[in-house]
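**Student:** So the protein lines, in turn, are chains A and B.
Reading the first sequence from the start, the letters are residues 1 to 312 in this note's numbering.
Reading the second sequence from the start, the letters are residues 313 to 758 in this note's numbering.
Below are the structure tokens for one structure; questions will follow.
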Amino acid sequence: MTFQAPVETYKGAIRQIDVGGVAVGGESAFPFHSFDGEMPNDPKIAFEVWDIAPDDWSVTLNGVYGDTFGDSVAWAKKVVDEFGADMIYLRLRGTDPNGAARSAADAAATAKAVVAAVDVPVIVIGSGDVERDPEVLKVVAETLGGTKVVIGNAEEDTYRSVGAAAMGYQHSVVAFSPMDVNLAKQLNVLLSQLGLDEGSILMDPTTGALGYGLEYAYTVFERDRLAAFSQNDAKMQMPIIATVGQEAWKAKETKVSEDELPGTGDLVTRGLMWESLTAIALLVAGANIVVLRHPESAALIRKAISSLKGEA
Amino acid sequence: MALSGLQIFKLLPKTNCKDCGFPTCMAFAMQLASGKAELSQCPHVSAEAAAELGEAAAPPVRKVTIGSGDMAVVLGEETVLYRHEKRFEHPPGVAFLVDDSVDDAEFQTRLDTFKTQEFERVGQMLRAKLLAIESADAGTLAARVKKASDETGAGIIVMSEDAAALKAAAEPIKDKKPLLYAATASTFDAVSAVAKELGVPFVIKAATLEELSELGDKCVAGDFKEVMLDPMSANLQDAIRDQTYIRRSAIKKKFRALGFPTIAFPCRMTDEPLLKTVYAGVFVAKYAGIIVLDTLDPAQVMPLLILAQNIYTDPQRPMQMDQGIYPINEPGPDSPLLITTNFSLTYFTLAGEVEASKVPTWLLVMDTEGQSVLTSWAAGKFVADAIAVFVKKSGIDEKISHKKIVIPGYVAQISGELEEELGDWEVVVGVREAADVPRYLRGLST
Numbered sequence: 001m002t003f004q005a006p007v008e009t010y011k012g013a014i015r016q017i018d019v020g021g022v023a024v025g026g027e028s029a030f031p032f033h034s035f036d037g038e039m040p041n042d043p044k045i046a047f048e049v050w051d052i053a054p055d056d057w058s059v060t061l062n063g064v065y066g067d068t069f070g071d072s073v074a075w076a077k078k079v080v081d082e083f084g085a086d087m088i089y090l091r092l093r094g095t096d097p098n099g100a101a102r103s104a105a106d107a108a109a110t111a112k113a114v115v116a117a118v119d120v121p122v123i124v125i126g127s128g129d130v131e132r133d134p135e136v137l138k139v140v141a142e143t144l145g146g147t148k149v150v151i152g153n154a155e156e157d158t159y160r161s162v163g164a165a166a167m168g169y170q171h172s173v174v175a176f177s178p179m180d181v182n183l184a185k186q187l188n189v190l191l192s193q194l195g196l197d198e199g200s201i202l203m204d205p206t207t208g209a210l211g212y213g214l215e216y217a218y219t220v221f222e223r224d225r226l227a228a229f230s231q232n233d234a235k236m237q238m239p240i241i242a243t244v245g246q247e248a249w250k251a252k253e254t255k256v257s258e259d260e261l262p263g264t265g266d267l268v269t270r271g272l273m274w275e276s277l278t279a280i281a282l283l284v285a286g287a288n289i290v291v292l293r294h295p296e297s298a299a300l301i302r303k304a305i306s307s308l309k310g311e312a
Numbered sequence: 313m314a315l316s317g318l319q320i321f322k323l324l325p326k327t328n329c330k331d332c333g334f335p336t337c338m339a340f341a342m343q344l345a346s347g348k349a350e351l352s353q354c355p356h357v358s359a360e361a362a363a364e365l366g367e368a369a370a371p372p373v374r375k376v377t378i379g380s381g382d383m384a385v386v387l388g389e390e391t392v393l394y395r396h397e398k399r400f401e402h403p404p405g406v407a408f409l410v411d412d413s414v415d416d417a418e419f420q421t422r423l424d425t426f427k428t429q430e431f432e433r434v435g436q437m438l439r440a441k442l443l444a445i446e447s448a449d450a451g452t453l454a455a456r457v458k459k460a461s462d463e464t465g466a467g468i469i470v471m472s473e474d475a476a477a478l479k480a481a482a483e484p485i486k487d488k489k490p491l492l493y494a495a496t497a498s499t500f501d502a503v504s505a506v507a508k509e510l511g512v513p514f515v516i517k518a519a520t521l522e523e524l525s526e527l528g529d530k531c532v533a534g535d536f537k538e539v540m541l542d543p544m545s546a547n548l549q550d551a552i553r554d555q556t557y558i559r560r561s562a563i564k565k566k567f568r569a570l571g572f573p574t575i576a577f578p579c580r581m582t583d584e585p586l587l588k589t590v591y592a593g594v595f596v597a598k599y600a601g602i603i604v605l606d607t608l609d610p611a612q613v614m615p616l617l618i619l620a621q622n623i624y625t626d627p628q629r630p631m632q633m634d635q636g637i638y639p640i641n642e643p644g645p646d647s648p649l650l651i652t653t654n655f656s657l658t659y660f661t662l663a664g665e666v667e668a669s670k671v672p673t674w675l676l677v678m679d680t681e682g683q684s685v686l687t688s689w690a691a692g693k694f695v696a697d698a699i700a701v702f703v704k705k706s707g708i709d710e711k712i713s714h715k716k717i718v719i720p721g722y723v724a725q726i727s728g729e730l731e732e733e734l735g736d737w738e739v740v741v742g743v744r745e746a747a748d749v750p751r752y753l754r755g756l757s758t
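Right, dumping it as structure tokens:
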């Protein structure tokens with residue numbers, strides 16, 4: 001019996017969407033399965049930038065960004081000019097009412113300055129506080145009217161106001177759902193019912209880091225993509241964004257030295273591995289954008305993507 | 313050629329005796345057809361039927377065991393392409409490669425490092441269990457294979473292009489089930505003869521899947537069962553294609569020639585140290601059986617082993633923590649007491665936030681069969697009477713001087729009943745999300 005290539009072809013494909021002038025998605029098979037289908041656009045690497053100085057980041061990251069903490073524009077320029085960021089994921093953590101509680105106008109001014117300072121797409125994300133995000137993101141959407149950005153997160157409790165703000169000023173949204181295939185779909189359905197074009201939605205199905213629920217995220221991503229490919233489900237064909245850096249660098253293993261975790265090796269290497277292994281697994285499972293923090297793990301992922309495309 | 317459930321059924325005794333563990337012969341036949349049962353489970357099947365069925369009843373990916381005792385690595389027996397369809401069965405064996413670039417002193421150092429390197433995670437001990445020993449010199453190969461096996465107890469992958477050298481090195485440790493690497497088209501007869509004589513598994517390797525299938529066909533024809541495949545992928549694109557094609561051919565087409573676990577060498581696909589481990593991550597996700605590294609750096613090996621543990625966790629059986637008292641940040645008698653369930657993700661997330669808060673805290677983890685707070689509450693496991701029994705028996709009252717317990721915000725509704733059940737305790741409703749725990753704990757202590 002001779003070998004015959006067991007190719008899988010699918011009915012459906014991921015929508016190609018325009019993120020601030022950069023095409024994302026469009027693949028008709030799992031990422032890098034070029035034997036099954038097309039992958040017209042490489043996955044993108046976004047870097048996380050905050051509007052305030054983080055006080056809970058790993059010392060490894062503080063060493064990279066410490067001099068730009070508190071200056072979002074300098075931080076954004078650094079990740080674009082020095083680290084080759086494809087996109088910026090601007091987290092308005094400062095608007096958290098239980099934290100710095102910055103005003104919406106201040107946060108929007110920061111977002112505007114960052115957008116003006118870099119020539120890559122910007123994704124502007126609220127603090128995650130469902131009371132505060134609608135108010136903040138509305139002002140952000142308005143302030144950035146005329147420039148196409150992505151705002152988020154639109155989630156179960158906030159999708160109406162965030163979706164409306166995006167529609168009002170022709171922005172796209174990140175639809176955030178808590179690690180569940182059905183909830184992800186439901187949110188996409190609700191956003192489209194609101195009138196939002198399906199071509200302006202990115203899905204964030206929740207990322208779990210290595211050792212902290214990665215297997216759940218991995219499988220939800222795979223099932224999301226199977227729904228898009230095999231079932232040709234239009235409400236599941238949005239590109240996926242994975243917040244890898246924020247989850248990976250939360251892990252104890254990325255923050256605690258070898259003195260406190262004997263036999264676990266160098267803290268910096270451990271952190272890079274935590275972030276890059278989380279990223280590579282989720283890229284294979286279906287992520288179109290990975291949001292990273294460390295430039296060296298970004299460099300590793302970029303090289304791995306080259307090899308996955310057969311270029312190295 | 314694979315048989316259908318009905319074809320298999322016709323060859324079974326049709327007595328519905330249930331000795332196989334299934335209710336009827338038909339049910340057993342269907343399980344055999346899908347590779348989820350073994351023919352040996354039926355004690356009554358006739359010899360002729362067994363011969364006819366043997367081929368059809370074998371698992372789509374053959375089981376291969378390398379090494380022995382605690383260090384044995386079992387591979388194969390996979391039945392799905394996506395873990396949610398059932399589960400991935402056997403996590404990849406991680407091997408550490410020693411080749412001719414390593415001198416004898418360094419060899420000893422590496423064996424010593426290898427021996428002691430293990431990592432505990434969620435109650436499992438994780439480690440690299442295999443040593444791949446390669447040498448162009450037959451004498452060096454034999455000496456190192458013997459030494460590595462004797463000193464570490466690891467499963468050994470014996471690597472040489474020469475069948476005689478493979479035999480000389482593997483024979484003294486043949487009872488430890490070393491893996492011979494590798495038979496090519498030109499050495500297949502010689503290497504497979506050694507494997508047969510010693511009763512050990514071997515690898516077949518070829519640069520294309522067509523050529524690899526031809527070697528695989530020879531293995532099937534020669535009744536070799538313990539075989540592994542090296543498709544010699546040059547880069548990650550080829551790797552994903554080869555691994556995916558092999559797994560699909562075996563499972564969806566019951567293509568016996570490729571129905572064996574694979575071995576991969578990410579350490580030889582790039583020169584960059586950390587990138588090798590990232591490549592290895594792709595092989596963990598995409599079906600590899602053995603993954604060969606050339607580093608023992610724990611900062612790389614531990615994350616890779618955890619990735620394998622994650623991907624090979626049974627989706628139907630979440631990882632669980634042991635029930636008990638977990639002190640965080642060196643708590644004392646006055647420190648606050650939190651209770652949660654033993655779903656490992658719940659525990660890790662909560663423990664991480666408590667640690668980050670730097671507030672000394674007692675964490676009481678209750679066995680809810682690995683279910684999260686809301687799920688176990690809904691299932692009647694994380695409820696007032698059960699929690700009260702656990703708290704009283706846990707021994708926590710010997711460690712703290714207060715009688716105040718914080719329950720997760722998601723089960724606020726049980727607080728009244730729990731207070732009644734616990735008697736003289738005060739039950740406090742905490743926050744719903746772990747992310748809010750640091751602020752909550754800092755608020756408690758002020």
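Glycine included, every Cβ here is placed at the ideal spot set by N, Cα and C.
These numbers were taken from a predicted model, which means no experiment stands behind them.
(1) Residue 355 (chain B) to residue 348 (chain B), Cα distance in whole Å?
(2) Would you mind listing the alpha helix (DSSP H) stretches within the segment 442-528 of chain B that are 4+ residues and don't spill past its ends, in chain order?
(3) Which complete beta strand (DSSP E) runs does the segment 141-201 of chain A hold, if anything under 3 residues is left out?
(4) What are the uninterrupted segments assigned as beta strand (DSSP E) that are 3 or more residues long and contained completely in the segment 655-716 of chain B, given in chain order?
(5) Under the DSSP definition of a beta bridge, which residues are partnered with residue 44 (chain A)?
(6) Closer than 7 Å, Cβ to any Cβ of chain A: which residues of the segment 364-398 of chain B, in chain order?
(7) Going by DSSP, what residues sit across from residue 436 (chain B) in a beta bridge?
(8) Is the segment 422-439 of chain B touching the segment 468-484 of chain B, taking contact as three or more C-beta pairs under 8 Å?
(9) Measure from the alpha carbon of residue 46 (chain A) to the alpha carbon of each residue in A:219, A:7, A:246, then state which is nearest.
(10) Strictly below 9 Å CB to CB, what residues from chain B border residue 284 (chain A)?
(11) Is residue 354 (chain B) close to chain A? Criterion is C-beta to C-beta, closer than 8 Å.
(12) Please tell me whether residue 640 (chain B) has its Cβ less than 8 Å away from any Cβ of chain A.
(13) Could you tell me the boundaries of the beta strand (DSSP E) in which residue 87 (chain A) lies?
(14) Going along the segment 205-228 of chain A in order, which residues come within less than 8 Å of chain B, judged by CB to CB distance?
(15) Which of the three DSSP states, helix, strand or coil, is assigned to residue 639 (chain B)?
(16) Is DSSP giving residue 555 (chain B) helix, strand or coil here?
(17) How should residue 545 (chain B) be labelled, buried or exposed, when 16 other C-beta atoms within 10 angstroms of its C-beta is the threshold for buried?
(18) So that I know if they touch, is there some Cβ in chain B lying closer than 8 Å to that of residue 316 (chain A)?
(19) Are the segment 552-569 of chain B and the segment 596-611 of chain B in contact at 8 Å, needing three or more beta carbon pairs?
(20) Can you list, in chain order, the residues of its chain whose CB lies under 6 Å from that of residue 334 (chain B), leaving out five sequence neighbours each side?
(21) Using a Cβ cut-off of 7 Å, which residues of the segment 650-682 of chain B contact any Cβ in chain A, in chain order?
(22) Based on DSSP bridge pairs, tell me the residues matched to residue 321 (chain B).
(23) Cβ atoms of residue 488 (chain B) and residue 461 (chain B): under 8 Å apart, would you say?
(24) Using the C-alpha atoms, what's the distance from residue 318 (chain B) back to residue 217 (chain A)?
(25) Between residue 635 (chain B) and residue 209 (chain A), what straight-line distance do the alpha-carbon atoms span, to the nearest angstrom?
(26) Shorter than 8 Å from the beta carbon of residue 690 (chain B) to some beta carbon of chain A?
(27) Report the option in B:524, B:588, B:380 whose CA atom is closest to the CA atom of residue 491 (chain B).
(28) Going by DSSP in three states, residue 342 (chain B) sits in which element: helix, strand or coil?
(29) Could you say which of B:680, B:475, B:532 lies nearest to residue 702 (chain B) if we only look at CA atoms?
(30) Report all residues from its chain with a CB closer than 7 Å to the CB of residue 370 (chain B); omit the five preceding and five following residues, and keep chain order.
(31) Using 8 Å as the threshold, is the C-beta distance between residue 395 (chain B) and residue 207 (chain A) below it?
(32) Residues of chain B with a CB under 7 Å from the CB of residue 6 (chain A): which are they?
(33) Taking the continuous alpha helix (DSSP H) assigned at residue 69 (chain A), which residues delimit it?
(34) Can you check which of these residues, B:361, B:440, B:426, is closest to residue 261 (chain B) by C-alpha distance?
(35) Of all the CB atoms in chain B, is at least one closer than 8 Å to the CB of residue 153 (chain A)?
(36) Select from B:526, B:480, B:670 the residue whose C-alpha is nearest the C-alpha of residue 507 (chain B).
**Tutor:** Considering the structure as presented:
(1) 17 Å
(2) 450-464, 475-482, 500-510
(3) Here the runs fully enclosed are 150-154, 172-176.
(4) 673-678
(5) A:289
(6) 394, 395, 396
(7) B:433
(8) no
(9) Minimum Cα distance to residue 46 (chain A) is reached at A:246.
(10) Residues of chain B passing the Cβ test: 552, 593, 594, 597, 598.
(11) no
(12) no
(13) 87-91
(14) Residues are counted here when their Cβ sits less than 8 Å from a Cβ of chain B; for the segment 205-228 of chain A these are 208, 210, 211, 212, 213, 214, 215, 216, 218, 219, 222, 223, 226, given in chain order.
(15) strand
(16) helix
(17) buried
(18) There is simply no residue 316 (chain A) to check, as chain A begins at 1 and stops at 312 in what is shown.
(19) In short, these stretches touch, since the Cβ pair count reaches three.
(20) Once the five neighbours on either side are set aside, the close Cβ partners of residue 334 (chain B) are 340.
(21) 657, 660, 661, 664, 667, 668
(22) DSSP, once it has assigned bridges, lists no residue as partnering residue 321 (chain B).
(23) Cβ atoms of residue 461 (chain B) and residue 488 (chain B): closer than 8 Å.
(24) 39 Å
(25) 24 Å
(26) Under the Cβ criterion of 8 Å, residue 690 (chain B) is not counted among the residues facing chain A.
(27) Checked all of B:524, B:588, B:380; the closest Cα to residue 491 (chain B) is B:380.
(28) helix
(29) If you compare the alpha carbons of B:680, B:475, B:532 with that of residue 702 (chain B), the shortest gap goes to B:680.
(30) Excluding residues within five positions, none has a Cβ falling inside 7 Å.
(31) If you check the CB distance, residue 395 (chain B) and residue 207 (chain A) do not come in under 8 Å.
(32) 557, 560, 561, 564, 565
(33) If you look at residue 69 (chain A), you'll find it isn't in any alpha helix (DSSP H); DSSP assigns it neither H nor E.
(34) With chain B running from 313 to 758 in the structure shown, residue 261 (chain B) is simply not present.
(35) no
(36) B:480
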